[in-house]
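A short write-up of the structure that comes next.
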Amino acid sequence: MKVPLSWLKEYIDIKLSSQELAHRLTMAGVEVSHIQKSGKNTILELDLTTNRGDCASIIGVAREVSALINKPLKLPKINKEDKRKKGIIKVEIKDRKGGPRYTGRVIENVRVKSSPPWLKECLKSMGIKPINNVVDITNYVLFETGQPLHAFDLNKIKEKKIIVRRAKEGEKITTLDGRKRILDKSILVIADGKRAIALAGIMGGENTQVTNKTRNILLESAYFDPIVVRRGSKKINLFTESSYRFERDVDPEGVITASRRARDLILKLAGGEEVAFVDRNFLPRKPKRITLRRERVNALLGTRLSWNQMKGMLKKLGFKIKGGSVEVPSHRRDITREIDLIEEIARIHGYHRIPSALPGGKITSYSQEPLETLAPRIKEILIACGLREVINYGFISLEEGKRMGFAPREIIKLTNPLTERQNVMRPNLIPGLLKNLIHNLNQGNSIVKVFELGRVFSPKKEQMALGALLSGEGDLYDLKGILETLCEELAIPSPRIGSASLPFLLPGREGEILIANRKVGLLGEMDPKVLSYFGTEERAFVFELDLEEFLLSRRAKRFRELPKYPAIVRDIALSLPEKITSEEIVQTIYSLGGELVEGVEFFDLYRGTQIPSGHKGLAYSISYRAKNRTLKDEEIKRLHQRISLGLEKRLGARIRK
Amino acid sequence: MEERLKRIKGEARRELDKAKTLEDLEALRVKYLGRKGALILFIREIGKMPKEMRPSLGKLANEIKKTLNQKIEERKAKAKERRVLAPLDLTLPGKKPSLGGLHPITQVLNEVTRIFSRLGFRIVQGPEIETDYYNFEALNMPPGHPARGMLDTFYLEKVTSHMIRINRGIGESGNRGSSSPSHRFSVSPFQHSCSQLLLRSHTSPVQIHVMEKEKPPIRVISLGKVYRYEAVDASHLPMFHQVEGFMVDEGISFSHLKGVLEVFLNELFGPKTPVRFRPSFFPYTEPSAEVDIGCLICKGKGCSVCKRTGWLEILGSGMIDPSVFKAVGYDPEKYTGFAFGMGIERIAMLKYNINDMRLFFENDLRFLRQF
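Listed in order, the protein sequences are those of chains Y and H. If you count by this note's numbering, then the first sequence holds residues 58 to 714, one letter each, in order. If you count by this note's numbering, then the second sequence holds residues 3 to 373, one letter each, in order.
Here it is as structure tokens:
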């Protein structure tokens, strides 16, 4: 909200510089976001928190300044008499929740014309276009007091009747901005005997607008429910100076003051004569009282303030204190509890004067979730493997989700997406990684090795997933090697790859990741069709793990005695039919070799002229070791021979020399 | 002839001085003492020379041969000793291993976690998909509350049974759940089939989840993604990261809030960073405080980054509102506590001088490699 300094000074003597004033206000919770100089005038721009509706006016800010600098307020003189003549206008409140207080004042024989220069200037400095003296005065008083007002052309009000009610379903009104609006039951309206003539607390209607021909006016000053105004305003997407203030709760006692103030100004600037005033009020009239405990204030703030200090601060803000009971001024709608009073004390005392202290007490022991402790470790390992961490949006497009093989019912959709490209929650991490790949290829980064650790979503639950992508360097075995390294470092049994068929992976180059026979993820080469949908012809290799499942098989790390006797390593080169897997070969070697086989390590895969077609050449190093003695050459020779023969017999292998 | 011999000797000497490596020395040996070496050829020629010259030339040539050979051998031995290999141009660039790296957001999160761990806070993660109750209502934002307008929210289409779960550290006083190793995650599923699902617009719902299950004393931080219905520009994204922290016990006061956050900010931004607390408003804290640090760019003089104020808004905080305690069944007369929350992207932008928030999720490797 804008506060011209010259206007503010009409209600309070301020000797401070504008910078100092801005600082004092900011440090008391009324933030001055910047100071603007326009011509001779200085304007403070306030960034009000939603609870401080009482500061959404020049007098409201003056009241706050008065408490901060200990100077009295100078309020405008107002004639406190109202002409309570009956029969000219009837006010009926049908929705007492939405509009619990409504006042109408009739002024006849006004001369509507353009406002005097001072008034025009005033409104211009607030960013409002002057229209005519009557309308300008209602706006002026809105800014001055924070109470929104509205003037109707009395002669246009049918049956001289005001009804405060909810709109009928489909009811229409053209508002003062010239737009036709279709209403529903959630919106509170002001109606006459026939139709809606204003959106309560938001904007007036064209049908009862004050124009230069207007002679008699009805001046509305009312209290509308904050929530009702806010919902209505949101519903029709119309936010005004008026709705801004009603949403923040106006002062129910200020309703009459503002109406009188506007009347005084109208009589002065537009002439005419007040003939009637109606006040329908269903609001509780008793002021709020709150019990305040000195010890509670000091305990909560960590201060040692005396009761007198506390009283002094609250009195400056307009609170009245009797014993331990505090009476809240009507404009402070935000203060309903003891804690609210404590905040007022803290604010006026100054947060900077509250001492800092570190909490003592005991620190409880706790065991951190495995996921929280392991996530950083997982990232470390992957970084050591040369992968870079990426972070992607939690949402993708439905189409991308479908390309990942998910049916629409398996994907959670946003009801109000910002864009079609981000209209569902990601069911896996692959689309994000692919988009990172494409972005980097477009930027000329041809080698992309990345991973992401983040949430994925299904209609049943959300869970942590780990995804990795390699492109431009390395192949599927490099990626699998990273997965195996991860398992080794985390003490998870080494992964097996089971056959699987996934819609976005290349047939024959895809599989599910099994750990201790439980499915924990997938691995494979991306299908070129999917890659091309995302925008590249490059090859890419991916894996994704369900992190919780993956970590379930983690074992405690245990030291194993270092071997005392040497190992002997013998290589074996085989030619085998294509369909025999490496896994089968290794298992066969172990089962043939017994406990003397300590390890079997693959080191070569060969296809070429020396191997018959339909066959492949594989080579392994077998290391032999006994726990309790040095193995003899002869013994190894026999064992190695047995393994060779066994492989020939069981798997149809041929030993290559 | 003697002249020629001396010239050969001289040249060999000079070259010997220059020769440094084994390879140089071997080349030198071949050049002078090899089968076609200059000195050897000369010695062969001696036979064709006049008789009277032969003995003295022969003697001289053999002496030269002997000393040269000796010197080369000596030098070779020395070279071997020092293992003098061909010199390298060390101004050529080194061969770098291809390392990976952490995303800058993760690096800042790690830093924040480290500081709070030291102060006895533990990490708890909350779900990104939340219900209206946890995101708003339990945090003192009933339907229609004006503060909801500050948190523009993404809503999700109804699904029949979404399980919201939290992974949390198990506090001493918390229920330990199943202790069997096959169920290591203390997952607390509860269904909200009738509640409106949304993407959490802040990390504060974690406060509710934790307090619903545990009794004080509690010191917890939670980090993660939050979502806001906001159009994308250099300083706004529909998704960003927040850290939430809170502490509840008997006798916790606003002084403690100040003390803990001052320690944190001075560790994160440097020990001399000015910190100020000013009144603000959040529905779930009372009193509430906005916390500013002296502008890192202009050191408080006023610049475009701090909008000429000399201060940067860095986090929101306050004493947990009694109505939040009531929502989780705590007695607000017995327990008090504070809570705070901050955006991580903003901190990363200030720390690394990044001017466009969008860079964080483009994941351009040229960007990521800089951290």
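Think of the CB as a built atom: it goes at the ideal place given N, C-alpha and C, for glycine as much as any other residue.
Exercise for review: For the beta strand (DSSP E) containing residue 382/Y, list its first residue and its last residue.
Suggested key: For residue 382/Y, the enclosing beta strand (DSSP E) begins and ends at 382-384.
Practice item. Return the CA-CA distance between residue 370/Y and residue 407/Y, expressed in angstroms with no decimal places. Key: Whole-angstrom Cα-Cα distance: 11 Å.
Practice item. Round the Cβ separation of residue 253/Y and residue 228/Y to the nearest angstrom and send it over; I've been treating them as touching at under 8 Å. Key: Contact between residue 253/Y and residue 228/Y holds, with the beta-carbon distance rounding to 6 Å and staying under 8 Å.
Check your understanding: Do you know offhand how far residue 26/H's Cα is from residue 72/H's?
Key -> Near 16 Å, if we compare the C-alpha coordinates of residue 72/H and residue 26/H.
Review point. Apart from the five residues on each side of it in sequence, which residues of its chain come closer than 7 Å, Cβ to Cβ, to residue 696/Y?
Key: Once the five neighbours on either side are set aside, the close Cβ partners of residue 696/Y are 650, 653 and 681.
Check your understanding: CA-CA distance, residue 212/H and residue 421/Y?
Key -> Rounded to the nearest angstrom, the two C-alpha atoms are 15 Å apart.
**Study point:** Reduced DSSP category for residue 19/H - H, G, I as helix; E, B as strand; rest coil
**Key:** DSSP places residue 19/H in helix when its eight states are reduced to three.
Practice item. State the Cα-Cα distance for the pair residue 419/Y and residue 541/Y, rounded to the nearest angstrom. Key: In a straight line, the C-alpha of residue 419/Y is about 42 Å away from that of residue 541/Y.
Point to revise | Cβ distance (whole Å) where residue 324/Y is taken to contact residue 395/Y below 8 Å | key: Taking a contact as a CB-CB distance under 8 Å, the pair residue 324/Y and residue 395/Y does not count as one, their CB atoms being some 45 Å apart.
Practice item. With 8 Å as the threshold, decide whether the Cβ of residue 179/H is near any Cβ in chain Y. Key: Note that residue 179/H has pLDDT 36, beneath the 50 cutoff, so the model's placement of it is unreliable and no number is given.
Check your understanding: What are the start and end residues of the beta strand (DSSP E) that includes residue 138/Y?
Key -> Residue 138/Y -> no beta strand (DSSP E), and no H or E assigned at all.
Review point. Residue 469/Y touches chain H at which residues, Cβ-Cβ below 9 Å?
Key: For residue 469/Y, the chain H residues whose Cβ falls inside 9 Å of its Cβ are 131, 158, 159, 161, 164 and 199, in order along the chain.
Review point. Is residue 505/Y close to chain H, meaning its C-beta is less than 8 Å from at least one C-beta of that chain?
Key: Interface residue, yes.
Practice item. Just the chain H side, please: which residues come within less than 7 Å of residue 413/Y by C-beta, in chain order? Key: Taking a Cβ-Cβ threshold of 7 Å, the residues of chain H close to residue 413/Y are 257, 260, 261 and 264, in chain order.
Practice item. Kindly indicate which residue of 522/Y, 639/Y and 359/Y has the alpha-carbon position closest to the one of residue 402/Y. Key: Closest option to residue 402/Y, Cα to Cα, is 359/Y.
Point to revise | Reference residue 364/H, options 290/H, 283/H, 234/H and 315/H, closest by Cα | key: For the residues 290/H, 283/H, 234/H and 315/H, the minimum Cα distance to residue 364/H belongs to 234/H.
Review point. Can the beta-carbon of residue 494/Y be found less than 8 Å from the beta-carbon of residue 543/Y?
Key: Their beta carbons are not under 8 Å apart, which means residue 494/Y does not touch residue 543/Y by this criterion.
Check your understanding: Going along chain H in order, which residues have a C-beta closer than 8 Å to the C-beta of residue 436/Y?
Key -> Ordered by position in chain H, the residues that pass the 8 Å Cβ test against residue 436/Y are 104 and 108.
Check your understanding: chain H beta carbons: is any one of them nearer than 8 Å to that of residue 440/Y?
Key -> Residue 440/Y counts as touching chain H.
Review point. Comparing the C-beta of residue 514/Y with each C-beta of chain H, is any distance below 8 Å?
Key: Taking Cβ atoms only, chain H reaches closer than 8 Å to residue 514/Y, which makes this a yes.
Review point. In whole angstroms, what is the alpha-carbon distance linking residue 277/Y and residue 160/Y?
Key: Between the C-alpha atoms of residue 277/Y and residue 160/Y there is a straight-line separation of about 6 Å.
Exercise for review: Alpha carbon to alpha carbon, how far is residue 627/Y from residue 81/H? Give it in angstroms, no decimals.
Suggested key: Roughly 40 Å separates the two Cα atoms.
Exercise for review: Let me know the secondary structure DSSP gives residue 239/Y once reduced to three states.
Suggested key: In this structure, residue 239/Y counts as strand in the three-state DSSP scheme.
Practice item. Pull up the distance between the alpha-carbon of residue 2/H and that of residue 352/H, whole angstroms please. Key: Not covered by the structure: residue 2/H. The range shown for chain H is 3 to 373.
Review point. Do you know offhand how far residue 188/H's Cα is from residue 644/Y's?
Key: With a pLDDT of 35 at residue 188/H, under the threshold of 50, the modelled position of this residue cannot be trusted; read the value that follows with caution. Cα to Cα, residue 188/H sits roughly 37 Å from residue 644/Y.
Check your understanding: Is the Cβ of residue 409/Y closer than 8 Å to any Cβ of chain H?
Key -> So yes, residue 409/Y belongs to the interface.
Practice item. For the alpha helix (DSSP H) holding residue 112/H, just list the boundary residues, first then last. Key: Residue 112/H -> alpha helix (DSSP H) spans 106-120.
Review point. What residues in the region 76-88 of chain Y bring their beta carbon closer than 8 Å to a beta carbon of chain H?
Key: If you check each beta-carbon in the region 76-88 of chain Y against every beta-carbon of chain H, the ones closer than 8 Å belong to 83, 84, 85, 86 and 88.
Review point. Is residue 374/H close to chain Y, meaning its C-beta is less than 8 Å from at least one C-beta of that chain?
Key: Residue 374/H is absent from the model: chain H starts at 3 and stops at 373.
Exercise for review: Rank 224/H, 309/H, 40/H and 201/H by C-alpha distance to the C-alpha of residue 473/Y and give the top, closest one.
Suggested key: Per the Cα distances, 201/H.
Practice item. Please confirm whether residue 277/H and residue 319/H have their CB atoms less than 8 Å apart. Key: Between residue 277/H and residue 319/H, the CB-CB gap reaches or exceeds 8 Å.
**Study point:** Length-filtered (4 minimum) alpha helix (DSSP H) runs lying within the region 127-186 of chain Y
**Key:** As far as the region 127-186 of chain Y is concerned, its whole alpha helix (DSSP H) runs of at least 4 residues are 174-182.
Exercise for review: Measure the CB-CB distance between residue 140/H and residue 329/H and report whether it falls below 8 Å.
Suggested key: Closer than 8 Å, so yes.
Check your understanding: Thinking just about the alpha-carbon of each residue, which of 665/Y, 411/Y and 676/Y is nearest to the one in residue 658/Y?
Key -> For residue 658/Y, the nearest C-alpha among the options comes from 676/Y.
Review point. Should residue 381/Y go down as buried or exposed, given a rule of 16 or more other Cβ atoms within 10 Å for buried?
Key: Counting Cβ neighbours within 10 Å, residue 381/Y comes out exposed, since fewer than 16 surround it.
**Study point:** Residue from 180/Y, 617/Y, 482/Y and 404/Y whose Cα sits closest to the Cα of residue 256/H
**Key:** If you compare the alpha carbons of 180/Y, 617/Y, 482/Y and 404/Y with that of residue 256/H, the shortest gap goes to 404/Y.
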